[in-house]
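K.L.:
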Amino acid sequence: MHSCVVGLQWGDEAKGKIVDLLGGDHDIVVRFNGGANAGHTVVVEGKAYKLSLLPTGLVRGGVTAVIGNGVVIYPPRMAEEVEGLERGGLKVLDRLKVSDRAHVILPYHQEEERLREAAASLADRIGTTGRGIGPCYADKVGRHLAVRVADLLDVDRLASRLGEIVPRKNAMLASMDPSARRFSVDELVAEYRAHGDYLRPLATDTVEYLHAQAAQGKRILFEAAQGSLLDIDHGSYPFVTSSNSTIAGLTSGSGFPARSLGRVIGVVKAYTTRVGGGPFPTELDDGPEGIGERIRRIGREYGTVTGRPRRCGWFDAVATRTTARVNGVNSVALMLLDVLSGLDELKIATSYREGDRRRDWFPADAATLAKCLPSYESMPGWREDITGCRKWNDLPANARAYVRRISAIMGVPIHHVSVGPDRAQTLLVE
Ligand code: GDP
Ligand code: IMO
Ligand code: MG
Numbered sequence: 022m023h024s025c026v027v028g029l030q031w032g033d034e035a036k037g038k039i040v041d042l043l044g045g046d047h048d049i050v051v052r053f054n055g056g057a058n059a060g061h062t063v064v065v066e067g068k069a070y071k072l073s074l075l076p077t078g079l080v081r082g083g084v085t086a087v088i089g090n091g092v093v094i095y096p097p098r099m100a101e102e103v104e105g106l107e108r109g110g111l112k113v114l115d116r117l118k119v120s121d122r123a124h125v126i127l128p129y130h131q132e133e134e135r136l137r138e139a140a141a142s143l144a145d146r147i148g149t150t151g152r153g154i155g156p157c158y159a160d161k162v163g164r165h166l167a168v169r170v171a172d173l174l175d176v177d178r179l180a181s182r183l184g185e186i187v188p189r190k191n192a193m194l195a196s197m198d199p200s201a202r203r204f205s206v207d208e209l210v211a212e213y214r215a216h217g218d219y220l221r222p223l224a225t226d227t228v229e230y231l232h233a234q235a236a237q238g239k240r241i242l243f244e245a246a247q248g249s250l251l252d253i254d255h256g257s258y259p260f261v262t263s264s265n266s267t268i269a270g271l272t273s274g275s276g277f278p279a280r281s282l283g284r285v286i287g288v289v290k291a292y293t294t295r296v297g298g299g300p301f302p303t304e305l306d307d308g309p310e311g312i313g314e315r316i317r318r319i320g321r322e323y324g325t326v327t328g329r330p331r332r333c334g335w336f337d338a339v340a341t342r343t344t345a346r347v348n349g350v351n352s353v354a355l356m357l358l359d360v361l362s363g364l365d366e367l368k369i370a371t372s373y374r375e376g377d378r379r380r381d382w383f384p385a386d387a388a389t390l391a392k393c394l395p396s397y398e399s400m401p402g403w404r405e406d407i408t409g410c411r412k413w414n415d416l417p418a419n420a421r422a423y424v425r426r427i428s429a430i431m432g433v434p435i436h437h438v439s440v441g442p443d444r445a446q447t448l449l450v451e
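So, in structure tokens, the structure goes:
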């Protein structure tokens with residue numbers, strides 16, 4: 022059976038932990054969207070692994086990892102990540118395949134992103150990760166200025182592409198800010214030629230590869246990066262990332278048909294977080310002694326990629342009900358339940374109020390979302406530390422009731438509950 026793991030909130034739902042957990046049942050793991058804007062931490066027997074551009078499923082020895090055509094690759098960072106994992110004792114290079122169709126991030130993408138964010142007012146700033154993701158996808162869709170992995174493999178083609186592109190990028194950057202960085206064609210050709218040499222043994226027609234492996238009975242696990250509320254089409258536009266982080270990205274970003282999937286697992290935190298700008302209806306902006314800060318402290322809610330504090334708030338069932346539908350989720354994993362221990366009362370947003378109008382569905386754009394006020398339902402909390410629970414019935418009755426209520430409001434069964442970062446701290450719902 023092929024599976025997909027997808028985040029149903031604004032990213033960092035602990036998808037990495039679920040991917041690692043399911044990795045044991047699959048032969049191949051695939052990333053299909055985003056790039057090194059993602060940051061996943063997986064903990065196995067006390068040892069933490071951090072992944073960004075590489076598929077998290079790699080932490081399981083024996084699986085093959087595929088970076089699909091929908092991913093945007095910054096080659097120096099990829100090499101750094103590979104080396105870091107290999108130094109940590111994980112063999113990576115001999116089981117990694119990179120799509121020859123994947124688009125390549127160049128340093129002018131990062132410069133463009135820096136200038137655009139700096140020029141935006143505080144309210145309009147997206148709060149991106151600074152990795153050059155948005156400008157690279159813009160070039161992909163624009164077609165004229167794009168560079169793909171296949172272009173790096175042939176030095177004449179690379180030199181001719183960059184000879185055309187770089188002067189145009191320099192002119193565009195200078196028009197944004199006269200003090201913008203300027204890039205040299207020769208230096209970039211030399212640098213990216215070397216990246217091409219590194220990528221040559223990894224470059225693969227991954228679409229053909231995945232179909233051939235599936236025909237031989239191999240089981241494939243697809244891992245979406247980011248969260249569905251950051252999806253370019255279905256998220257809180259324009260405060261989103263530049264790819265389809267819902268299951269919509271799987272077909273375009275890997276060339277594999279979504280109808281072949283047996284399981285689509287939606288991952289949610291037991292509360293909500295968001296890093297970067299944009300409206301967040303259930304945000305707890307309640308000061309240094311408040312519940313928002315308590316969740317941040319106990320849940321260690323700081324971005325893996327940028328170290329920024331994540332904004333924290335109550336569970337939003339309007340948002341997750343919507344994203345569960347958009348993704349066709351048939352199983353939910355509820356993560357970080359332990360972080361809520363010790364609170365007297367827990368709140369779940371069951372609908373929004375926009376003026377006189379009730380909304381049960383997540384709105385199309387950020388301006389409407391900013392006008393939405395959450396309507397809450399309250400539930401009693403629990404006092405016990407639950408990080409040692411290993412079975413569903415070990416959980417306090419109020420914790421089980423909270424999980425059941427979220428499942429009922431979302432209208433999807435919850436099969437996994439996580440009570441700590443380690444692979445072992447996972448319960449199957451009975
Ligand atoms: P991802 O981007 O969706 O893979 O999530 P991240 O790795 O960015 O963030 C999730 C964080 O929560 C990581 O540091 C995990 O180690 C940690 N984590 C995962 N599950 C749990 C859990 O059940 N409880 C706690 N306290 N931490 C968890
Ligand atoms: P994982 O895979 C959380 C956010 C950024 C910013 C917006 C756009 O770890 O869940 P970008 O650099 O993509 O153009 O930034 O998206 N963002 C994430 N937030 N988790 C992520 O990935 C994210 N990837 C991007 O903070 O608000
Ligand atoms: Mg993350």
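Using my numbering, the first residue of the sequence shown is number 22, and each one after it goes up by one.
Glycine residues also receive a C-beta, built at the ideal position from the N, C-alpha and C atoms.
1) Who does residue 179 pair with in a DSSP beta bridge?
2) Can you pull the DSSP bridge partners for residue 52?
3) For the stretch 373-393 against the stretch 251-259, do three or more pairs of beta-carbon atoms, one drawn from each stretch, fall closer than 8 Å, so that the two count as touching?
4) Starting from the Cα of residue 247, find the closest Cα among 449, 55, 132, 412 and give me that residue.
5) Return yes when at least one heavy atom of the ligand GDP lies under 8 Å from the C-beta of residue 68, else no.
6) Which runs of the beta strand (DSSP E) spanning at least 3 residues fall entirely within the stretch 184-268, listed in chain order?
7) I'd like to check one pair, residue 292 with residue 360: are the Cβ atoms closer than 9 Å?
8) Under the DSSP definition of a beta bridge, which residues are partnered with residue 93?
9) Bridge partners of residue 367, per DSSP?
10) In whole angstroms, what is the alpha-carbon distance linking residue 356 and residue 198?
11) Is the number of C-beta pairs between the stretch 40-60 and the stretch 73-91 that are closer than 8 Å three or more?
12) Since residue 323 sits in a beta bridge, which residues does DSSP pair it with?
13) Taking the beta strand (DSSP E) that residue 44 belongs to, which residues open and close that run?
14) What residue from 395, 322, 221, 358 has the CA that sits closest to residue 118's CA?
15) How long is the line joining the alpha carbons of residue 279 and residue 308, rounded to whole angstroms?
16) For residue 161, which residues from the same chain have a beta carbon less than 7 Å from its beta carbon, with the 5 sequence-adjacent residues on both sides left out?
17) DSSP on residue 283, reduced to helix/strand/coil?
18) Can you confirm whether the stretch 362-380 touches the stretch 326-344 when touching is taken to mean that 3 or more C-beta pairs between the two stretches lie within less than 8 Å?
19) For the stretch 102-109 against the stretch 134-147, are there 3 or more C-beta pairs whose distance is under 8 Å?
20) Quick one: what's got a C-beta closer than 6 Å to residue 32's C-beta in the same chain, skipping five residues either side?
21) What residues in its chain sit with their C-beta under 6 Å from that of residue 381, if we drop five residues either side in the sequence?
22) Taking Cβ to Cβ, would you say residue 326 is nearer than 9 Å to residue 57?
23) Among the residues of its own chain, which have a CB less than 6 Å from the CB of residue 275, if the five just before and after it don't count?
24) Around the C-beta of residue 233, are 16 or more other C-beta atoms found within 10 angstroms, so that it is buried, or is it exposed?
25) Which of the three DSSP states, helix, strand or coil, is assigned to residue 275?
26) Start and end of the beta strand (DSSP E) containing residue 426?
27) Within its chain, find whatever has a CB closer than 6 Å to the CB of residue 347; leave out the 5 residues flanking it on each side and keep chain order.
28) Quick check on this structure: which residue in 63, 352, 96, 419 has the alpha carbon closest to the alpha carbon of residue 428?
29) Is the beta carbon of residue 330 sitting closer than 9 Å to the one on residue 317?
30) Count the other CB atoms, across all protein chains shown, that sit within 10 Å of the CB of residue 398; report buried if there are 16 or more and exposed otherwise.
31) Where does residue 130 fall in DSSP's three states?
32) Looking at the ligand IMO, does it come within less than 8 Å of residue 218, judged from the CB to the closest heavy atom?
33) Tell me where the alpha helix (DSSP H) around residue 157 begins and ends.
34) Consult DSSP for residue 170 and reduce its assignment to one of helix, strand or coil.
35) What does residue 375 pair with, by DSSP beta-bridge criteria?
36) Between which two residues does the alpha helix (DSSP H) harbouring residue 540 extend?
P.N.:
In brief:
1) DSSP, once it has assigned bridges, lists no residue as partnering residue 179.
2) 88, 244
3) By the C-beta criterion, the stretch 373-393 is judged to be in contact with the stretch 251-259, since at least 3 inter-stretch pairs fall below 8 Å.
4) 55
5) no
6) 241-248
7) yes
8) Paired residues: 124.
9) 400
10) 44 Å
11) yes
12) Beta-bridge analysis with DSSP links residue 323 to 330.
13) Counting along the chain, residue 44 sits inside no beta strand (DSSP E); it lies in the alpha helix (DSSP H) bounded by residues 36-44.
14) Taking each of 395, 322, 221, 358 in turn and checking the Cα distance to residue 118, the smallest one comes out for 221.
15) 44 Å
16) The residues are 124, 167.
17) strand
18) With a cut-off of 8 Å, the stretch 362-380 and the stretch 326-344 count as touching, because enough Cβ pairs lie within range.
19) no
20) The beta carbon of residue 32 sits closer than 6 Å to those of 247, 248, 251, all from its chain and outside the five residues before and after it, given in chain order.
21) 372
22) Contact flag set, yes.
23) 51, 53, 89
24) Around the beta carbon of residue 233, fewer than 16 other beta carbons lie within 10 angstroms, which makes this residue exposed.
25) Helix, per DSSP.
26) First-last for residue 426: 418-431, but that is the alpha helix (DSSP H), not the beta strand (DSSP E).
27) 255, 267
28) 352
29) Yes, Cβ-Cβ distance for residue 330 and residue 317 is below 9 Å.
30) Counting C-beta atoms within 10 angstroms of its own C-beta, residue 398 has fewer than 16 neighbours from the protein chains shown and is therefore classed as exposed.
31) helix
32) no
33) Residues 154-163.
34) helix
35) 378
36) A query on residue 540 cannot be resolved here, the shown segment of the chain reaching from 22 to 451 and no further.
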